[in-house]
Amino acid sequence: SLGEKLQGVFKKLKGQGKISEKDLKTALREVRVALLEADVNYKVVKDFINNVNERALGQEVLESLTPGQQVIKIVNDELTKLMGGFQSKLEISSKPPTIIMMVGLQGSGKTTSAGKLGRLLKKQGRRPLLVACDIYRPAAIKQLQVLGEQLDIPVFSMGNKTSPVDIARAAINHAAYHGNDIVILDTAGRLHIDEALMEELSLIKKQVNPIEILLVVDAMTGQDAVNVAEKFNELLDLTGVVLTKLDGDTRGGAALSVKAVTGKPVKFVGMGEKLDALEPFHPDRMASRILG
Amino acid sequence: VFSGKKIDEELFEELEEVLIQGDVGVNTAIDLVEILRERVKSEKIKEAEQLRQVIVEEIINIMGEETSALNLTPGELNIILIVGVNGVGKTTSIGKLAYKLKSEGKRVMLGAGDTFRAAAIDQLKVWGQRVGVDVISHKEGADPAAVVYDAIQAANARKIDVLIIDTAGRLHTKVNLMEELKKIRRIIDKEASGALKEVLLVLDATTGQNALAQANTFGQAAGVTGVILTKLDGTAKGGVVIGIKAEQNLPVKLVGVGEKMEDLQVFRPQDFVAALFT
Ligand SMILES: Nc1nc2c(ncn2[C@@H]2O[C@H](COP(=O)(O)OP(=O)(O)OP(=O)(O)O)[C@@H](O)[C@H]2O)c(=O)[nH]1
Ligand SMILES: Nc1nc2c(ncn2[C@@H]2O[C@H](COP(=O)(O)OP(=O)(O)OP(=O)(O)O)[C@@H](O)[C@H]2O)c(=O)[nH]1
Ligand SMILES: [Mg+2]
Ligand SMILES: [Mg+2]
Numbered sequence: 069s070l071g072e073k074l075q076g077v078f079k080k081l082k083g084q085g086k087i088s089e090k091d092l093k094t095a096l097r098e099v100r101v102a103l104l105e106a107d108v109n110y111k112v113v114k115d116f117i118n119n120v121n122e123r124a125l126g127q128e129v130l131e132s133l134t135p136g137q138q139v140i141k142i143v144n145d146e147l148t149k150l151m152g153g154f155q156s157k158l159e160i161s162s163k164p165p166t167i168i169m170m171v172g173l174q175g176s177g178k179t180t181s182a183g184k185l186g187r188l189l190k191k192q193g194r195r196p197l198l199v200a201c202d203i204y205r206p207a208a209i210k211q212l213q214v215l216g217e218q219l220d221i222p223v224f225s226m227g228n229k230t231s232p233v234d235i236a237r238a239a240i241n242h243a244a245y246h247g248n249d250i251v252i253l254d255t256a257g258r259l260h261i262d263e264a265l266m267e268e269l270s271l272i273k274k275q276v277n278p279i280e281i282l283l284v285v286d287a288m289t290g291q292d293a294v295n296v297a298e299k300f301n302e303l304l305d306l307t308g309v310v311l312t313k314l315d316g317d318t319r320g321g322a323a324l325s326v327k328a329v330t331g332k333p334v335k336f337v338g339m340g341e342k343l344d345a346l347e348p349f350h351p352d353r354m355a356s357r358i359l360g
Numbered sequence: 010v011f012s013g014k015k016i017d018e019e020l021f022e023e024l025e026e027v028l029i030q031g032d033v034g035v036n037t038a039i040d041l042v043e044i045l046r047e048r049v050k051s052e053k054i055k056e057a058e059q060l061r062q063v064i065v066e067e068i069i070n071i072m073g074e075e076t077s078a079l080n081l082t083p084g085e086l087n088i089i090l091i092v093g094v095n096g097v098g099k100t101t102s103i104g105k106l107a108y109k110l111k112s113e114g115k116r117v118m119l120g121a122g123d124t125f126r127a128a129a130i131d132q133l134k135v136w137g138q139r140v141g142v143d144v145i146s147h148k149e150g151a152d153p154a155a156v157v158y159d160a161i162q163a164a165n166a167r168k169i170d171v172l173i174i175d176t177a178g179r180l181h182t183k184v185n186l187m188e189e190l191k192k193i194r195r196i197i198d199k200e201a202s203g204a205l206k207e208v209l210l211v212l213d214a215t216t217g218q219n220a221l222a223q224a225n226t227f228g229q230a231a232g233v234t235g236v237i238l239t240k241l242d243g244t245a246k247g248g249v250v251i252g253i254k255a256e257q258n259l260p261v262k263l264v265g266v267g268e269k270m271e272d273l274q275v276f277r278p279q280d281f282v283a284a285l286f287t
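Protein chains in written order, with our numbering: chain A, 69 to 360; chain B, 10 to 287.
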């Protein structure tokens with residue numbers, strides 16, 4: 069573990085009395101490797117290590133009897149702070165319906181997460197409506213309908229020959245008429261560099277003005293996470309992130325990269341394929357998971 | 010990154026950065042740059058542009074310079090098992106592969122081995138229709154081993170050349186799901202001994218270092234013979250496959266470059282390495 073590695077680094081220096089700035093740099097190199105192995109973005113790691121170095125110098129780690137422990141504590145604190153110090157909740161509209169839009173790359177877990185969110189909100193006494201705005205992927209609409217059936221939540225669909233913008237608009241009217249106070253829009257997976265499909269998302273946003281735009285990110289995403297998050301955020305001004313497939317053994321450094329580059333909070337984590345596997349995000353737990 | 014620079018520590022750092030940003034992994038990147046340093050010394054390399062050739066050579070050395078073909082034998086039933094974690098592109102890649110093999114004149118059939126995920130069978134059936142190949146399936150919730158068994162019987166009866174079997178996405182950390190995969194393999198080996206020619210692990214190019222653990226665990230459980238690297242039409246480079254080839258000798262056979270039927274290409278090591286540095 070990183071903790072053991074750092075203890076090792078500082079043990080080697082014990083015989084020399086106080087540790088120097090150079091020794092601290094050696095220790096931080098171990099932290100850098102740990103973060104890169106955890107898939108935190110290269111540039112995010114660079115900035116993070118610089119900040120930690122300054123703070124460590126400022127906190128007189130060099131004078132400490134247990135420099136290794138102090139460095140780990142600083143790293144952990146800084147990481148937790150960066151991840152977002154508090155758990156973020158879903159915004160509810162003062163004027164219903166509350167519209168939530170799920171966006172992200174292909175296969176990240178949008179449709180499944182839409183179902184999970186619907187289930188969570190229904191348990192809280194709300195009346196969600198799931199909306200099938202993916203008109204491209206084979207059987208995408210069917211997939212959402214199956215989830216809706218399993219959860220006893222209505223699914224609004226207009227088939228795959230109507231534009232997602234029109235489907236979204238019609239869904240809002242449908243919700244108003246049927247008393248659904250939450251509308252969850254499931255959109256097709258797309259590349260952040262696909263201009264036409266990214267434009268489609270902008271048009272949906274303009275049309276129905278969602279109060280929540282959630283970027284669904286696969287927790288095992290590597291260095292590319294910053295490119296994706298930046299583009300989606302630039303175009304849509306995200307309100308939050310859902311980090312999926314955290315039930316695996318990925319360290320999940322993408323979470324740090326996405327937060328660092330967009331400033332937007334991770335609101336939920338997906339912890340399994342079943343529809344009850346959605347949990348609130350715990351920044352401190354994520355920080356220690358990333359450090360490994 | 011190579012143009013007009015002089016060979017110094019700063020250039021080596023820049024190279025390490027490019028490799029890491031391509032998901033090559035910090036340890037593999039450090040090793041590669043170390044080899045580069047040694048070759049610069051021993052071969053007295055002076056021009057930064059020459060470094061490009063050196064690092065391309067070193068990575069090709071790992072990846073292999075030939076494209077790795079699918080191990081299919083004409084005149085008999087060949088079975089391809091498709092495995093991987095959730096959402097990486099297994100079902101879509103099967104549709105693309107069926108199209109490719111059919112256009113090469115082969116009789117292809119698909120087995121809907123994902124009986125778990127919502128509308129997974131429907132999704133594969135749409136691909137079957139698009140490509141014009143039969144899909145063997147049961148109802149959602151059926152035992153995947155039973156579907157595999159039926160698919161093999163049907164493939165033999167209809168003199169199929171290639172039977173491609175779809176499986177449910179599963180995280181490699183789920184022991185019971187990996188056991189299910191082993192069971193599917195056993196059924197294939199029992200009912201069609203010698204027919205299983207390829208077990209292809211589908212990896213998403215956007216995946217980071219976790220891909221190594223995936224390759225390792227799936228490799229041990231299912232006897233993976235090659236990789237399909239998908240979503241290379243994005244901005245991710247898929248550099249993890251270098252470490253996977255170095256550690257586990259798993260070659261990338263095919264790459265996915267889009268969501269349409271035709272968006273499957275043979276893996277070309279030269280193109281892959283070149284893309285790492287653009
Ligand atoms: N283990 C695990 N699997 C998940 C999780 N969330 C989603 N999945 C699985 O990931 C796969 C992809 O999920 P989808 O919901 O279809 O993903 P998507 O983003 O809607 O995909 P596209 O619409 O094609 O872009 C499915 O097999 C899901 O069951 C999670 O938190 N944990
Ligand atoms: N851009 C791009 N998208 C791809 C590629 N391959 C697959 N996809 C998309 O990725 C998403 C997931 O593909 P699937 O084939 O459902 O993935 P899967 O591995 O079968 O998913 P599960 O069965 O749920 O585990 C779909 O939206 C596909 O269209 C590719 O090469 N490029
Ligand atoms: Mg979907
Ligand atoms: Mg599938």
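For each residue, glycine too, the CB sits at the ideal point set by N, CA and C. Just so it is clear, the structure is predicted and the values come from calculations on it, not from any experiment.
Ligand 2 heavy atom lying under 7 Å from the CB of residue i
i, result
"residue 182 of chain B", "no"
"residue 268 of chain B", "yes"
"residue 51 of chain B", "no"
"residue 211 of chain A", "no"
Continuous beta strand (DSSP E) stretch holding residue i: start and end
i, result
"residue 265 of chain B", "261–265"
"residue 281 of chain A", "280–286"
"residue 196 of chain A", "196–200"
"residue 275 of chain B", "273–275"
"residue 347 of chain A", "346–348"
Closer than 7 Å: residue i CB and nearest ligand 3 heavy atom
i, result
"residue 184 of chain A", "no"
"residue 313 of chain A", "no"
Coarse secondary structure for residue i, derived from DSSP in three states
i, result
"residue 47 of chain B", "helix"
"residue 313 of chain A", "coil"
"residue 240 of chain A", "helix"
"residue 116 of chain A", "helix"
"residue 193 of chain B", "helix"
"residue 76 of chain A", "helix"
"residue 39 of chain B", "helix"
"residue 337 of chain A", "strand"
"residue 254 of chain A", "strand"
"residue 21 of chain B", "helix"
"residue 224 of chain A", "strand"
"residue 121 of chain B", "strand"
"residue 103 of chain B", "helix"
"residue 236 of chain B", "strand"
"residue 308 of chain A", "strand"
"residue 230 of chain A", "coil"
"residue 332 of chain A", "coil"
Cut-off 7 Å between Cβ atoms - residues of its own chain near residue i, not counting five sequence neighbours on either side
i, result
"residue 164 of chain A", "249"
"residue 78 of chain B", "none"
"residue 266 of chain B", "241, 242, 272, 274"
"residue 69 of chain A", "360"
"residue 218 of chain B", "34, 249"
"residue 211 of chain A", "179"
"residue 354 of chain A", "151, 320, 323"
"residue 254 of chain A", "170, 178, 179, 182, 198, 199, 200, 201, 202, 212"
Residue i beta carbon near ligand 4 (any heavy atom closer than 7 Å)
i, result
"residue 99 of chain B", "yes"
"residue 129 of chain B", "yes"
"residue 178 of chain B", "yes"
Alpha helix (DSSP H) segment containing residue i, residue limits
i, result
"residue 151 of chain A", "135–151"
"residue 361 of chain A", "Nothing can be reported for residue 361 of chain A: it is not among the residues displayed for chain A, which extend from 69 to 360."
"residue 101 of chain A", "89–105"
"residue 180 of chain A", "178–191"
heavy atom of ligand 1 below 7 Å from residue i C-beta
i, result
"residue 175 of chain B", "no"
"residue 257 of chain A", "yes"
"residue 284 of chain A", "yes"
Beta-carbon contacts of residue i that lie in its chain and below 6 Å, excluding the five residues immediately before and after
i, result
"residue 24 of chain B", "42"
"residue 90 of chain B", "174, 208"
"residue 291 of chain A", "109"
Same chain, Cβ closer than 8 Å to residue i, five either side skipped, listed in chain order
i, result
"residue 265 of chain A", "256, 258, 259"
"residue 197 of chain B", "88, 90, 157, 161, 174, 204, 205"
Inset, instruction - Counting only runs of 3+ residues fully inside the stretch 140–187 of chain B, write out the beta strand (DSSP E) ranges in chain order. - result: Scanning the stretch 140–187 of chain B from its first residue to its last, the whole beta strand (DSSP E) runs of 3-plus residues come out as 143–145, 171–176.
Inset, instruction - Tell me the start and end of each unbroken alpha helix (DSSP H) in the stretch 195–222 of chain B that is at least 4 residues and wholly inside, in chain order. - result: Counting whole runs of 4 or more residues, the stretch 195–222 of chain B contains no alpha helix (DSSP H) stretch at all.
Legend entry - Uninterrupted alpha helix (DSSP H) stretches inside the stretch 47–84 of chain B (no shorter than 4 residues): Within the stretch 47–84 of chain B, the alpha helix (DSSP H) runs of at least 4 residues that lie entirely inside it are, in chain order, 57–72.
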